[in-house]
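Peer 1:
Residue numbers (full-length UniProt numbering): 1 to 191.
This is how it looks when you write it as structure tokens:
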């Protein structure tokens, strides 16, 4: 009889310690869940507090490579100048980045790293310095990758790091004549 009682105490301690380590965000969810649960008939309880916590997320639902069409009246415009000099003026949504926009419209922008700021194949050149000044400063990761970019200029940015905002409405960027995609095999000795 002592073994089951000890097991029950261990489980109870485990439950207490896990609830003590809940984040500040999860505690209000649990207390709200407890209040709702106390007011509803017991036959309605289909979810446990654990499953409610698993539904909570702080990350956005947006995924790389998915752009959303702009709502009427909320369009932002960006113009891409391709390698041949042809201009492509596109209506985009706030929050879309230049890499996703270019790929969704079949423009020639590789994005070899998938938008994780680990290559320079989405290098763009901002044509108007006034728009470049409106952008947030590049982070260290972006600057490191820009150092590897072909045809680097004072207004170069990585397309995956430029997110469209109202301030950037009317932005014009040029795609460089070529990109440089370095791989580990580029550094191995050739025999």
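Yeah, the Cβ is synthetic: ideal placement off N, Cα and C, and Gly gets one too.
(1) To the nearest angstrom, how far is the alpha carbon of residue 98 from that of residue 149?
(2) Which partner residues of residue 157 appear in the DSSP bridge assignment?
(3) Considering only their Cβ atoms, is the gap separating residue 93 from residue 125 smaller than 9 Å?
(4) Can you give me the C-alpha to C-alpha distance between residue 167 and residue 78, rounded to a whole angstrom?
(5) How many angstroms separate the CA atom of residue 179 from the CA atom of residue 114?
(6) Enumerate in chain order the residues of its own chain whose CB-to-CB distance from residue 117 is below 7 Å, with the five nearest sequence positions on each side excluded.
(7) What is the C-beta distance between residue 83 and residue 177, in whole angstroms, given that I count them as a contact (C-beta under 8 Å)?
(8) Going by alpha carbons, who is nearest to residue 123 out of 72, 137, 111?
(9) Measure the beta-carbon distance from residue 108 to residue 175 and round it to whole angstroms, keeping in mind my assumption that it falls under 8 Å.
(10) Starting from residue 87, trace the beta strand (DSSP E) both ways and give me its first and last residue.
(11) Measuring alpha carbon to alpha carbon, tell me which residue in 95, 66, 67, 138 is nearest residue 165.
(12) Going by C-alpha distance, which of 128, 137, 147 is nearest residue 121?
(13) Whole angstroms is fine: what's the gap from residue 130's alpha carbon to residue 106's?
(14) Expressed to the nearest angstrom, what Euclidean distance is found between the alpha-carbon atoms of residue 68 and residue 134?
(15) Return the first residue and the last residue of the alpha helix (DSSP H) that residue 134 is part of.
(16) Among the residues of its own chain, which have a CB less than 7 Å from the CB of residue 89, if the five just before and after it don't count?
(17) Exposed or buried, residue 128, counting other C-beta atoms within 10 Å across all chains shown (16 or more means buried)?
(18) In three-state DSSP terms, what is residue 146?
Peer 2: By the coordinates alone:
(1) C-alpha separation (whole angstroms): 16 Å.
(2) According to the DSSP secondary-structure assignment, residue 157 is paired through a beta bridge with 124.
(3) Not a contact, by the Cβ cut-off of 9 Å.
(4) Rounded to whole angstroms, residue 167 to residue 78 spans 11 Å at the Cα level.
(5) In this model, residue 179 and residue 114 are separated by some 15 Å (Cα to Cα).
(6) Within the same chain, residue 117 has close Cβ partners 141, 142, 145, 158, 160, 161.
(7) About 6 Å separates the two Cβ atoms, so the contact holds.
(8) A check of alpha carbon separations from residue 123 across 72, 137, 111 identifies 111 as the nearest.
(9) Right, their Cβ atoms sit about 6 Å apart.
(10) In the DSSP assignment, residue 87 falls within the beta strand (DSSP E) that extends over 87 to 92.
(11) Of the candidates 95, 66, 67, 138, the one whose C-alpha sits nearest the C-alpha of residue 165 is 95.
(12) Ranking 128, 137, 147 by Cα distance to residue 121 puts 147 first.
(13) Each residue's Cα considered, the two are about 27 Å apart.
(14) It is roughly 23 Å from the alpha-carbon of residue 68 to the alpha-carbon of residue 134.
(15) 129 to 134 is the span of the alpha helix (DSSP H), which, as asked, contains residue 134.
(16) Correct list, in chain order: 77, 79.
(17) Residue 128 is exposed by the Cβ-count criterion.
(18) Under the three-state reduction of DSSP, residue 146 is assigned to helix.
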